[in-house]
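Worksheet: one structure, shown below.
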Amino acid sequence: MFDGLAYSHVEMDRAAQSRTDPDWTAARLRRPDTRVIPMWRDRCLLTGGTSIVVTGEQGQAAASAAGQTALLGLADTTAVFAADLSDLSEAEAVAACGADSTADLRTLAGALPGPVAASAGYARGLLYWNRHSRYCGRCGAPTRSGHAGHIRFCTGPDCGRQLFPRIEPAVIVLVESPEPEPRCLLARHCGAGEDRYALLAGFVEIGEGLEGAVRREVAEEAGVVVGDVTYQGSQGWPFPAGLMVGFVARATDPRIQVDGAELQEARWFTRDEVVDRIQAGPGSGPVDSIGGWLLRSWVRVRSVLR
Ligand SMILES: [Zn+2]
Numbered sequence: 005m006f007d008g009l010a011y012s013h014v015e016m017d018r019a020a021q022s023r024t025d026p027d028w029t030a031a032r033l034r035r036p037d038t039r040v041i042p043m044w045r046d047r048c049l050l051t052g053g054t055s056i057v058v059t060g061e062q063g064q065a066a067a068s069a070a071g072q073t074a075l076l077g078l079a080d081t082t083a084v085f086a087a088d089l090s091d092l093s094e095a096e097a098v099a100a101c102g103a104d105s106t107a108d109l110r111t112l113a114g115a116l117p118g119p120v121a122a123s124a125g126y127a128r129g130l131l132y133w134n135r136h137s138r139y140c141g142r143c144g145a146p147t148r149s150g151h152a153g154h155i156r157f158c159t160g161p162d163c164g165r166q167l168f169p170r171i172e173p174a175v176i177v178l179v180e181s182p183e184p185e186p187r188c189l190l191a192r193h194c195g196a197g198e199d200r201y202a203l204l205a206g207f208v209e210i211g212e213g214l215e216g217a218v219r220r221e222v223a224e225e226a227g228v229v230v231g232d233v234t235y236q237g238s239q240g241w242p243f244p245a246g247l248m249v250g251f252v253a254r255a256t257d258p259r260i261q262v263d264g265a266e267l268q269e270a271r272w273f274t275r276d277e278v279v280d281r282i283q284a285g286p287g288s289g290p291v292d293s294i295g296g297w298l299l300r301s302w303v304r305v306r307s308v309l310r
């Protein structure tokens, strides 16, 4: 169980100044103590059961086989790189870094120390962005990687466009009912299983503030108007490029009118019902997401007040 927010606490100096120097980066990559997080098409490469980091000869081999490396930062004084083996087959990628298998990060996150899971998420997101930004959106020419994987430069004549990693912000909100002992709004999305309820969430649109996105999403999907909207916390969500921003909002009226397009059903749940759902497993949201964190926080706050 996570005490905090998964994927959000990378315990590294990102070395933003040093990484602009290609000689410094190349020298750090060659050092035998350098740690390398190899990835294959968004999947971690597992060594010895649970390790997702290789070093020494294995690290050098992973970096040599990679189509792209990117500096994540310095852990104390040791450089940590991500290495993208996606151009290889899965078997080739596993062999290239002496790994045993591949695995989706979200299936591992509960077993990994928080900062390790966060570093793997950072690696996943940065490599994904590089892999999906190989051409310039303005002139169509190929781009090349720079600043140790943190920028791409268009190679087209007379273009010179610089591409920076893109992050897609989304809001997620725990809506409380306007009652002395508030209940919370959980919704079942179209296509979701019979008992799969979750908090409301949605992407922020262009030209929209975060609080405005909360009000719009709740009104559009559940037909609920909210008053106060209060920031709770945020979570990097590199699946592939998200930033989840969590809020609590207070409804002005308990009536619900779901849109029928995104939501099949929404209803108010008491604190005790939320506790039951968390204890039962499903309904509390995946354990690594900010949705589950918001629900657990809400339950804890209410239990303290009682
Ligand atoms: Zn261009």
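First residue of the sequence shown? That's 5 in my numbering, and the numbers climb one at a time after it. Heads up, the beta-carbon is just placed ideally off N, CA and C, and yes, glycines get one too. Values in this document were obtained by computation on a predicted structure and should not be read as measured data.
Have a look at the DSSP bridge pairing and note the partners of residue i.
{"i": "G227", "result": "Partner(s): none; G227 has no beta bridge."}
{"i": "W28", "result": "Answer is none; W28 lacks a bridge partner."}
{"i": "R254", "result": "E180"}
{"i": "V175", "result": "G206, V249"}
{"i": "M43", "result": "C48, D88"}
{"i": "P146", "result": "Y139"}
{"i": "I155", "result": "G150"}
{"i": "L189", "result": "W272"}
{"i": "T234", "result": "V252"}
Assign residue i to buried or exposed, taking buried as 16 or more other Cβ atoms, counted over all protein chains shown, within 10 Å of its Cβ.
{"i": "I294", "result": "buried"}
{"i": "Q239", "result": "buried"}
{"i": "E198", "result": "exposed"}
{"i": "I41", "result": "buried"}
{"i": "P182", "result": "exposed"}
{"i": "A30", "result": "exposed"}
{"i": "E221", "result": "buried"}
{"i": "W297", "result": "buried"}
{"i": "C158", "result": "buried"}
{"i": "P311", "result": "This structure leaves residue 311 out entirely; the chain is present only between 5 and 310."}
{"i": "G48", "result": "Checking the sequence, you will find Cys at residue 48 rather than Gly. That one is buried."}
{"i": "S93", "result": "exposed"}
{"i": "C194", "result": "exposed"}
{"i": "E15", "result": "exposed"}
{"i": "H13", "result": "exposed"}
{"i": "R138", "result": "exposed"}
{"i": "F168", "result": "exposed"}
{"i": "T81", "result": "exposed"}
{"i": "S3", "result": "Residue coverage of the chain in this structure runs from 5 to 310, which leaves residue 3 outside it and unanswerable."}
Quiz item: In chain order, what residues place their C-beta within less than 6 angstroms of a heavy atom belonging to ligand 1?
Solution: This criterion selects C140, R142, C143, A145, C158, G160, C163, R165.
Quiz prompt | Secondary structure, beta strand (DSSP E): runs of 3+ residues fully inside the segment 59 to 130 | solution = For the segment 59 to 130, whole beta strand (DSSP E) runs of length 3 or above, ordered along the chain, are 72 to 79, 82 to 88, 105 to 108.
Exercise. Give a yes or no on contact between the segment 245 to 265 and the segment 165 to 182, applying the rule of three or more CB pairs nearer than 8 angstroms.
Key: Judged by Cβ distances under 8 angstroms, the segment 245 to 265 makes contact with the segment 165 to 182, as three or more pairs qualify.
Self-check item: the segment 166 to 176 in contact with the segment 207 to 227 per 3-pair CB rule at 8 angstroms
Solution: yes
Practice problem: Would you check if the segment 16 to 23 and the segment 69 to 77 touch, i.e. whether three or more CB-CB distances between them fall below 8 angstroms? | Solution: yes
Exercise. Count the CB pairs spanning the segment 228 to 237 and the segment 152 to 166 that are closer than 8 angstroms, and state whether there are at least three.
Key: no
Quiz item: Three or more beta-carbon pairs under 8 angstroms between the segment 141 to 155 and the segment 263 to 273, yes or no?
Solution: Segments in contact, no.
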